[in-house]
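**Q** Pasting a structure below so you can have a look.
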Amino acid sequence: MALFMYHIVCTLLKLRAVLRVKKTILCCNSCSYVSSPMVRVGTLPMRLLALEFGADIVYTEEIIDFRLLKCKRIENRILNSIDFIDEDQNVVFRTCAKEKPNLVLQLGTASAERALKAARMVENDVSGIDVNMGCPKEFSIKGGMGAALLSQPEKIKNILTTLTHGLSCPVTCKIRVLPELEKTLELVKIIETTGVAAIAVHGRIMGERPQHKNRNNTIKAISEALSIPVIANGGSGEIETYNDIKSFQKETGASSVMIARQAEWNCSVFCKTGKLPLDCVIEKYIRYAIEYDNNVWNTKYCIQQMLGSLQETERGKMLLSAQQMDIICELWNLTDLLNKKRKEMALKSEKLKRCEDSDIELQVSLKRRRITENDIHEVDVKFMRSDFGIDDLPKSVLWNWIKNQNLDKPTYQTDQYEKSFQSVITVNGRKYTNRCLEKNKKNAEQAAALAAIITLGLVKYPESKEKNGTIKDSARVPHEIESFSEQDVSHLENLNVCHNSNDILSVRWQMLSKYCK
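Below, the structure is given as structure tokens:
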């Protein structure tokens, strides 16, 4: 009986491995072309662009396990995306349903336990997890990650085995070759025993850079030695066209090919019909950046990599000085699309305001009703620290007014909701607050003071503001909403609290100017 159960368990384990391998990653067996994990480049817009041009699999940029573990998963209903947001409200990882069947997230890790915890956070939003074991950067090496793992086969085995046994999605790893072929083969055979679905191999040793020749023969030897798919990497120096990719695959004998720098420079290298003009590629990239509210600095960086020496042209120099998405879109005649998307986001944000359903939103809703019943004056405004000097902070403005009026010192009562804060200030027996949650107690107090000075008439309420400083009536709201920045909307959505037009307008108003006395 025991022997029979043993065979049953073995059969189930084998079946599990087969099912895992048959998922997205094993399309590597049938010749897959893969967009490599690229620092700062492998964000959502570039991944979607690579898929549009013909890539079969796309990798995220490396995300360190520590950073991912500090994130909160948010379903962004404005962008129809899944966002992993850190404590400072930064988007660490954004994805969408369109790329999920082809998406692999690359982890930077030196710990099996941390890697598993981090991977479990995202395993239902991706189709595979990759472990970075080839990055030669100092940051990775000092942290025991990346290429530092190549000299620790037991740790490699522990990390990969833990992941393959603990996850429901396929696991892969990306390595560099070692100086000796024999040791390289020993390492990859150890990796194969862990149950990984595929292994990506960069054909250079840790100390070598792109100018050094890629060891295609070593990759070929690995391909012949293993029964799992091998993804050849490191051939950008000899790849310029789709046909070059096929030649590189043939020379290395690999199941698939992973492209980095060539895809970074012109993602249409994946097109079977040949590369598209660079201008066309950049325009398509910007469209995805607009669609998914990509950070302006990341968008700018990716375009710079595509332009290369063309950054010295007039348009290239204008891009270098650009600090807003508006300028970038203007350079590629996409201003109308940007404004249209902003308007759609604002309208959707206002609509979603009526159907908030997360726990934190419920708490805020209950809090607002309690405030109303207790006659606390609320203002739809958010405190943005970067828009104030030391002397014109709301608390300072309010304190100067209180001293001039010979009133008692104000008191603050601050409540915490998970990792967000809301404060109520009492001035001369009356209470004031803002309706948005803040990321720390100091900001919450400043926001409450801001609500107070607006209600008291010490500053004018930010309904709308033209460049000449003239305050307009609320009929101007739609125009202002149409022109607010994409970061504003993303910030509001990430907080899950400020969704209506007044919230958005208040942020935009603060971005435009200082408060009017």
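Sequence positions in the sequence shown follow mature numbering (1 follows the signal peptide of the UniProt record, and there is no 0) and run -20 to -1, 1 to 497.
Here a beta-carbon is modelled for each residue, glycine too, at the ideal position from N, C-alpha and C.
Bear in mind that the values here come from a model prediction, so they are computed numbers and not experimental data.
(1) Are Asn213 and Met238 touching if we call contact CB-CB under 7 Å?
(2) What does a CB cutoff of less than 8 Å around Leu206 pick up in its chain, not counting 5 residues either side in sequence?
(3) How far does the alpha helix (DSSP H) with Asp316 in it extend, from its first residue to its last?
(4) Whole angstroms is fine: what's the gap from Glu341's alpha carbon to Lys331's?
(5) Out of Gly88, Val176, Glu244 and Lys200, which one is the CA nearest neighbour of Glu220?
(6) Hey, out of Gly409, Ile262, Asp388 and Asp224, whose CA is closest to Tyr281's CA?
(7) Less than 8 Å between C-beta atoms, sequence neighbours within five positions excluded: which residues of the same chain meet that for Glu231?
(8) With burial defined as no fewer than 16 other Cβ atoms inside 10 Å of the residue's Cβ, what is the status of Asp68: buried or exposed?
(9) What residue range does the alpha helix (DSSP H) around Ser227 cover?
(10) Relative to the C-alpha of Lys297, which residue among Leu311, Asn104 and Leu438 is closest?
(11) With a cut-off of 8 Å, do at least 3 Cβ pairs link the stretch 71 to 78 to the stretch 113 to 126?
(12) Taking DSSP as the reference, what is the three-state secondary structure of Ala414?
(13) Could you pull out every unbroken beta strand (DSSP E) segment of at least 3 residues lying fully inside the stretch 55 to 124, listed in chain order?
(14) Put Lys297 into one of helix, strand or coil per three-state DSSP.
(15) Return the CA-CA distance between Gly217 and Ile225, expressed in angstroms with no decimal places.
(16) With a threshold of 8 Å on Cβ separation, who are the neighbours of Val249 within its own chain once the five nearest residues in sequence on each side are excluded?
(17) What number of angstroms, rounded off, separates the C-alpha of Gly365 from the C-alpha of Asn423?
(18) Measuring alpha carbon to alpha carbon, tell me which of Thr89, Glu103 and Lys137 ends up nearest Cys115.
(19) Just to check my reading of the structure: Asn112 and Gly126 have Cβ atoms closer than 8 Å, yes? What is that Cβ distance to the nearest angstrom?
(20) Tell me the DSSP bridge mates of Ser403?
(21) Could you check what DSSP says for Tyr281 in three-state terms: helix, strand or coil?
(22) Given that a residue counts as buried once 16 or more other Cβ atoms are within 10 Å of its Cβ, and exposed if not, what is Gln402?
(23) If you draw a straight line from the C-alpha of Leu29 to the C-alpha of Gln285, how long is it?
(24) Please identify the residue among Phe46, Val157 and Ala432 whose C-alpha is closest to the C-alpha of Ala98.
(25) How far does the beta strand (DSSP E) with Tyr13 in it reach, from first residue to last?
(26) Would you call Ser148 buried or exposed, if buried means 16 or more other Cβ atoms sit within 10 Å of its Cβ?
(27) Nearest by alpha-carbon distance to Val14: which of Asp388, Thr174, Arg267 and Cys247 is it?
(28) CA-CA distance, Trp277 and Thr164?
(29) Would DSSP call Glu425 helix, strand or coil?
(30) Tell me the DSSP secondary structure of Ile434 in three-state form.
(31) In whole angstroms, give me the CA-to-CA distance for Ile451 and Ile370.
(32) For the beta strand (DSSP E) containing His182, name the first residue and the last one.
(33) Decide if Gly175 is buried, meaning its Cβ has at least 16 other Cβ atoms within 10 Å, or exposed.
(34) Relative to the alpha-carbon of Lys362, which residue among Asn384, Ala431, Leu317 and Asn380 has its alpha-carbon at the smallest distance?
(35) Leaving out the 5 sequence neighbours to the left and right, which residues in its chain are closer than 7 Å to Ser131 when beta-carbon positions are compared?
**A** Straight from the coordinates:
(1) Within the sequence shown, the letter at position 233 stands for residue 213. Within the sequence shown, the letter at position 258 stands for residue 238. Asn213 places its beta carbon less than 7 Å from that of Met238.
(2) By 1-based counting over the sequence shown, the position of residue 206 is 226. If we look at Leu206 and ignore the five residues flanking it on each side, its Cβ neighbours are Val168, Lys169, Glu172 and Ile179.
(3) Position 336 of the sequence shown, counted from the start, is the residue given in the question as residue 316. Its alpha helix (DSSP H) spans residues Thr315 to Leu332.
(4) Here the question's residue 341 lines up with position 361 in the sequence shown. Here the question's residue 331 lines up with position 351 in the sequence shown. Note that Glu341 scores a pLDDT of 44, beneath 50, so its modelled location is shaky; the value from the coordinates is reported in the next line. Cα atoms of Glu341 and Lys331: separation of roughly 15 Å, rounded to the nearest angstrom.
(5) Stepping through the sequence shown from its first residue, residue 220 is reached at position 240. Relative to Glu220, the option among Gly88, Val176, Glu244 and Lys200 whose CA is nearest is Glu244.
(6) By 1-based counting over the sequence shown, the position of residue 281 is 301. Answer by Cα proximity: Ile262.
(7) Within the sequence shown, the letter at position 251 stands for residue 231. The residues Asn196 and Lys200, in chain order, have a CB closer than 8 Å to that of Glu231 in the same chain once the five nearest residues on each side in sequence are set aside.
(8) Looking up residue 68 in the sequence shown gives position 88. Exposed is the call here.
(9) Against the sequence shown, residue 227 aligns to sequence position 247. Looking at the DSSP string, the run of the alpha helix (DSSP H) that includes Ser227 is Tyr222 to Thr232.
(10) As a first step, residue 297 is located in the sequence shown; it is residue number 317 there, counting from the start. Comparing Cα positions, the closest option is Leu311.
(11) Cβ pair count under 8 Å is below three, so no.
(12) As a first step, residue 414 must be located in the sequence shown, where it is residue number 434. The amino acid occupying residue 414 in the given sequence is Asn; Ala does not appear at that position. Residue state for Asn414 is assigned as strand, using DSSP reduced to three classes.
(13) Entirely contained in the stretch 55 to 124, the beta strand (DSSP E) runs reaching 3 residues are, in chain order, 61 to 65, 71 to 75, 83 to 88 and 108 to 113.
(14) As a first step, residue 297 must be located in the sequence shown, where it is residue number 317. In the structure shown, Lys297 sits in a helix (DSSP, three-state: H, G or I).
(15) As a first step, residue 217 must be located in the sequence shown, where it is residue number 237. As a first step, residue 225 must be located in the sequence shown, where it is residue number 245. When rounded, the separation of the alpha-carbon atoms in Gly217 and Ile225 is 11 Å.
(16) As a working note, residue 249 is residue 269 in the sequence shown. Taking C-beta separations shorter than 8 Å and ignoring five residues to either side along the sequence, the partners of Val249 in its chain run Phe33, Ile219, Glu220, Thr221, Tyr222, Ile225, Ile239, Gln242, Ala243 and Lys255, following chain order.
(17) The residue you call residue 365 lines up with position 385 of the sequence shown. The residue you call residue 423 lines up with position 443 of the sequence shown. A quick correction: the sequence has Arg, not Gly, at residue 365. Distance between the alpha carbons of Arg365 and Asn423: 8 Å.
(18) Start at 1 with the first residue of the sequence shown, and residue 115 comes out as number 135. Measuring from the Cα of Cys115, the nearest candidate turns out to be Thr89.
(19) Within the sequence shown, the letter at position 132 stands for residue 112. Within the sequence shown, the letter at position 146 stands for residue 126. Contact between Asn112 and Gly126 holds, with the beta-carbon distance rounding to 5 Å and staying under 8 Å.
(20) Locating residue 403 in the sequence shown gives position 423, where the first residue counts as 1. Listed as beta-bridge partners of Ser403 by DSSP are Thr394.
(21) Position 301 of the sequence shown holds residue 281. Looking at Tyr281 - three-state DSSP - the assignment turns out to be helix.
(22) Numbered from 1 along the sequence shown, position 422 holds the residue referred to as residue 402. Counting of Cβ neighbours within 10 angstroms places Gln402 among the buried residues, the total reaching 16 or more.
(23) The count along the sequence shown starts at 1 and reaches residue 29 at position 49. The count along the sequence shown starts at 1 and reaches residue 285 at position 305. When the Cα atoms are used, Leu29 and Gln285 turn out to be separated by approximately 15 Å.
(24) Taking the sequence shown and counting its residues from 1, the one referred to as residue 98 is at position 118. Of the residues Phe46, Val157 and Ala432, the one whose Cα lies closest to the Cα of Ala98 is Phe46.
(25) Here the question's residue 13 lines up with position 33 in the sequence shown. First-last of the beta strand (DSSP E) with Tyr13: Tyr13 to Ser15.
(26) Position 168 of the sequence shown holds residue 148. With fewer than 16 neighbouring CB atoms inside 10 Å of its own CB, Ser148 falls in the exposed class.
(27) If you number the sequence shown from 1, residue 14 lands on position 34. When each option's Cα is compared against that of Val14, the closest is Cys247.
(28) Indexing the sequence shown from 1 puts residue 277 at position 297. Indexing the sequence shown from 1 puts residue 164 at position 184. When the Cα atoms are used, Trp277 and Thr164 turn out to be separated by approximately 39 Å.
(29) The residue given as residue 425 occupies position 445 in the sequence shown. Here Glu425 sits in helix by DSSP.
(30) The residue you call residue 434 lines up with position 454 of the sequence shown. In the structure shown, Ile434 sits in a helix (DSSP, three-state: H, G or I).
(31) Taking the sequence shown and counting its residues from 1, the one referred to as residue 451 is at position 471. Taking the sequence shown and counting its residues from 1, the one referred to as residue 370 is at position 390. Unreliable placement is indicated for Ile451, whose pLDDT of 30 sits below 50; the coordinate value is still reported in the next sentence. Approximately 25 Å, taken between the alpha carbons.
(32) As a first step, residue 182 is located in the sequence shown; it is residue number 202 there, counting from the start. First-last of the beta strand (DSSP E) with His182: Ala178 to His182.
(33) Your numbering for residue 175 matches position 195 in the sequence shown. So Gly175 ends up on the buried side.
(34) In the sequence shown, the residue the question calls residue 362 occupies position 382. Comparing alpha-carbon positions, the option among Asn384, Ala431, Leu317 and Asn380 lying closest to Lys362 turns out to be Ala431.
(35) Numbered from its first residue, the sequence shown carries residue 131 at position 151. For Ser131, where only same-chain residues beyond five positions count, there are no Cβ hits under 7 Å.
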